[in-house]
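All remarks here apply to the structure that follows.
2 protein chains.
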Amino acid sequence: RIPDAAIRRLPAYLRWLTECQEERVTSVILGQATGYSSEQVRKDLAYFGAFGTRGVGYDVLALREEIYRILRLDRGVRAMVVGAGHLGTALVRYVAQGHQDVQIMALLDSNPEIIGVQVGSLRVESVERLEDIVRELGIGIAVLAVPKEAAVPVADRLAECGVRAILNFAPVAVCTRYPEVFVQPIDLTLELQALSYFVGQRERH
Amino acid sequence: RIPDAAIRRLPAYLRWLTECQEERVTSVILGQATGYSSEQVRKDLAYFGAFGTRGVGYDVLALREEIYRILRLDRGVRAMVVGAGHLGTALVRYVAQGHQDVQIMALLDSNPEIIGVQVGSLRVESVERLEDIVRELGIGIAVLAVPKEAAVPVADRLAECGVRAILNFAPVAVCTRYPEVFVQPIDLTLELQALSYFVGQRERH
Ligand SMILES: NC(=O)c1ccc[n+]([C@@H]2O[C@H](COP(=O)([O-])OP(=O)(O)OC[C@H]3O[C@@H](n4cnc5c(N)ncnc54)[C@H](O)[C@@H]3O)[C@@H](O)[C@H]2O)c1
Ligand SMILES: NC(=O)c1ccc[n+]([C@@H]2O[C@H](COP(=O)([O-])OP(=O)(O)OC[C@H]3O[C@@H](n4cnc5c(N)ncnc54)[C@H](O)[C@@H]3O)[C@@H](O)[C@H]2O)c1
């Protein structure tokens, strides 16, 4: 079984490989560029077969296409956002700016005053239609941008109608009774805590 | 020199250790709980001194206090957000929900219609006062939640007046001419790309 964390690192490797102009890259360079140890890079890529040649590194194009295939980005990422508040709106507008292999297909909310509003190229739809929209659009991924108290019931509905991956911003565990759904929690305060180190670091120099 | 990525993992270890009820924990358990290999955990912690005893693991309380000290959370994280739009507002309201060691002290914007508005416990201030606010409040960390075209000029101002760490949401590189400022870019589409793998994974079972 491939550890989830290895999967989470692949998009960062892919982003860098897509912009890389070289023909070959070593695990040291790929690690430095993305912030991981060269052992971690080698270990991650080894889960998916041996692409590198000892001492010569990896073929950039081949590795790029391999990661693209592993992440199944060739099918396109069909996601929806539940919660058209501040966070949901910021995400929909950001993704629409052209991350071509990720597409947000629908934006749902429960507030009658927000339903029907245009956000980017989407019109906010009612969360009542969640099951229909997942089925009609073939949605596999949902972003949970609802308040804490709404998160568990909404996530249960997502699991029941076939969504298999959830990016969860709400500060509560969801889908604990649905082992077939992969839930990735996000907490941006962890990023701020890490930055605290660098503030201190700089002061000492 | 400690790799940046090792620092970024520490808050995830700390979050788990803070909730852990056991007296001791091994690198395998800490790794499984946070999604990293046990080698990665050992390697990360070894940068800061040897806390673990081979075969017995780490003392949870001691490790927690050590990471807390390494991240300098004892001083509290004093951050500000520039850009009081959707993302900035969502962040301020979220952090205010009680992540005690991270505090957003100020929220700035350039739009006269937003300046003066109350968001959580903060009143939006004018970005004209950026330098004064950084000095008066002793701000070390800034979150960049402004549009792409405003990001570089705002980040330069932050660097010039002493901010040493920036969480950058804008899709453009900032502070490239200020090596003393640590910039952490954030791209939530990478999280969505990683989830694509899990959708495919589940379908195959
Ligand atoms: N993890 C992080 O780093 C982080 C950062 C910011 C915000 N958050 C969290 O993300 C969530 C959204 O934050 P926000 O600032 O956008 O909040 P918000 O209040 O602006 O938006 C929430 C939206 O959800 C809608 N909603 C409520 N119940 C619903 C339901 N049952 N079905 C569908 N929609 C529903 C509301 O009408 C509202 O539009 C919150 O839970 C917040 O705590 C997390
Ligand atoms: N990286 C990611 O995953 C991600 C996700 C969502 C949004 N974003 C990015 O985050 C940024 C903010 O997104 P948003 O949805 O909140 O946008 P928004 O338009 O809602 O908010 C931007 C705010 O910045 C203010 N602003 C503009 N110029 C400014 C300046 N010079 N100084 C201070 N404030 C200024 C505007 O008045 C506005 O209130 C954008 O760059 C967006 O692309 C990134």
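The listed protein sequences derive, respectively, from chains B and X. With this note's numbering applied, the first sequence corresponds to residues 238 to 442, in that order. With this note's numbering applied, the second sequence corresponds to residues 238 to 442, in that order. Just so it is clear, CB atoms sit at the ideal spot from N, CA and C, and this is done for glycine as well. Computed from a prediction, not measured in an experiment: that's the story for all the values here.
Please classify residue i as buried or exposed, where buried requires at least 16 other C-beta atoms within 10 Å of its C-beta.
i: Thr413 of chain X; result: exposed
i: Arg441 of chain B; result: Since pLDDT at Arg441 of chain B reaches only 46, below the 50 mark, its modelled position is unreliable, and no value is offered.
i: Thr326 of chain B; result: buried
i: Met248 of chain B; result: The sequence given here has Pro at residue 248 of chain B, not Met. It is buried - the Cβ of Pro248 of chain B has at least 16 other Cβ atoms within 10 Å.
i: Ser358 of chain X; result: exposed
i: Tyr284 of chain X; result: exposed
i: Thr255 of chain B; result: exposed
i: Arg238 of chain X; result: exposed
i: Arg360 of chain X; result: exposed
i: Arg309 of chain B; result: buried
Do you know whose CA, among the options, lies nearest residue i's CA?
i: Val365 of chain X; options: X:Ile352, X:Arg238, X:Ala283; result: Position check: residue 365 of chain X holds Glu in this sequence, whereas Val was assumed. Glu365 of chain X has its Cα closest to that of X:Ile352, out of X:Ile352, X:Arg238, X:Ala283.
i: Val356 of chain X; options: X:Val332, X:Val371, X:Gly377; result: X:Val332
i: Val383 of chain B; options: B:Leu247, B:Arg291, B:Ile239, B:His323; result: B:His323
i: Gln277 of chain B; options: B:Val409, B:Pro240, B:Arg330, B:Val411; result: B:Pro240
i: Gln340 of chain B; options: X:Val361, X:Leu381, X:Arg291, X:Ser433; result: X:Ser433
i: Glu417 of chain B; options: B:Leu395, B:Gln258, B:Leu374; result: B:Leu395
i: Arg330 of chain X; options: B:Leu425, B:Val436, B:Arg261, B:Gly437; result: B:Leu425
i: Val409 of chain B; options: B:Arg245, B:Val297, B:Leu381, B:Arg261; result: B:Leu381
i: Ile307 of chain X; options: X:Phe419, X:Arg246, X:Gly375, X:Gly292; result: X:Arg246
i: Leu345 of chain B; options: B:Ala321, B:Thr290, B:Gln258, B:Gly375; result: B:Ala321
i: Pro349 of chain B; options: B:Ala343, B:Gln269, B:Ala407, B:Glu362; result: B:Glu362
i: Tyr415 of chain X; options: X:Leu427, X:Asp393, X:Glu428; result: X:Asp393
i: Arg261 of chain B; options: B:Asp296, B:Phe406, B:Gly292; result: B:Asp296
i: Val436 of chain B; options: X:Gly292, X:Arg312, X:Arg291; result: X:Arg312
i: Ala388 of chain X; options: X:Ala407, X:Gln258, X:Val371; result: X:Ala407
i: Ile370 of chain X; options: X:Glu386, X:Val354, X:Lys385, X:Ala343; result: X:Ala343
i: Leu237 of chain B; options: X:Asp338, X:Glu428, X:Glu386; result: Residue 237 of chain B is absent from the structure shown; chain B starts at 238 and stops at 442.
Leaving out five residues before and five after residue i in sequence, what residues of the same chain have Cβ atoms less than 6 Å from its Cβ?
i: Gln421 of chain B; result: Leu404
i: Glu368 of chain B; result: Cys398
i: Val391 of chain X; result: Val319, Val383
i: Thr263 of chain B; result: Gly294
i: Ser347 of chain X; result: Val364
i: Ser274 of chain B; result: Gly268
i: Cys257 of chain X; result: Val297
i: Gly354 of chain X; result: Correcting the residue type first, residue 354 of chain X is Val in the shown sequence and not Gly. Within the same chain, Val354 of chain X has close Cβ partners Val361.
Mapping DSSP to helix, strand and coil, what is residue i?
i: Gln421 of chain B; result: strand
i: Ala387 of chain X; result: helix
i: Ile341 of chain X; result: strand
i: Leu308 of chain X; result: coil
i: Thr271 of chain X; result: helix
i: Arg441 of chain X; result: Its pLDDT being 46, under 50, Arg441 of chain X is placed unreliably in this model, and the coordinates cannot settle the point.
i: Thr290 of chain X; result: strand
i: Gln277 of chain X; result: helix
i: Ala410 of chain B; result: coil
i: Gln355 of chain B; result: strand
i: Ser347 of chain B; result: coil
i: Arg366 of chain B; result: helix
i: Ile266 of chain X; result: helix
i: Tyr250 of chain B; result: helix
i: Val380 of chain B; result: strand
i: Val329 of chain X; result: helix
i: Thr426 of chain X; result: helix
i: Val400 of chain X; result: coil
i: Ala316 of chain X; result: strand
i: Tyr415 of chain X; result: coil
i: Tyr434 of chain X; result: helix
i: Arg372 of chain B; result: helix
i: Arg238 of chain X; result: coil
Go through its chain and collect everything with a Cβ distance to residue i's Cβ below 8 Å, but skip five positions before and after it.
i: Ile266 of chain B; result: Gly294
i: Ala299 of chain B; result: Phe288
i: Ile378 of chain B; result: Val314, Arg315, Ala316, Met317, Val400, Arg401, Ala402, Ile403, Leu404
i: Ala431 of chain B; result: none
i: Ala243 of chain X; result: Lys280, Asp281, Tyr284
i: Leu328 of chain B; result: Val318, Ile341, Val380, Ala382
i: Glu259 of chain X; result: Val297
Tell me which same chain residues have a C-beta within less than 7 Å of the C-beta of residue i, skipping the five on either side of it?
i: Tyr250 of chain B; result: Leu267, Thr271, Ile304
i: Glu373 of chain B; result: none
i: Arg301 of chain B; result: Leu251, Leu254, Thr255
i: Gly375 of chain B; result: Arg315
i: Val411 of chain X; result: Leu381, Ala388, Val389, Ala392, Ile403, Asn405, Val420
i: Gly292 of chain B; result: none
i: Ile423 of chain B; result: Leu404, Asn405, Phe406
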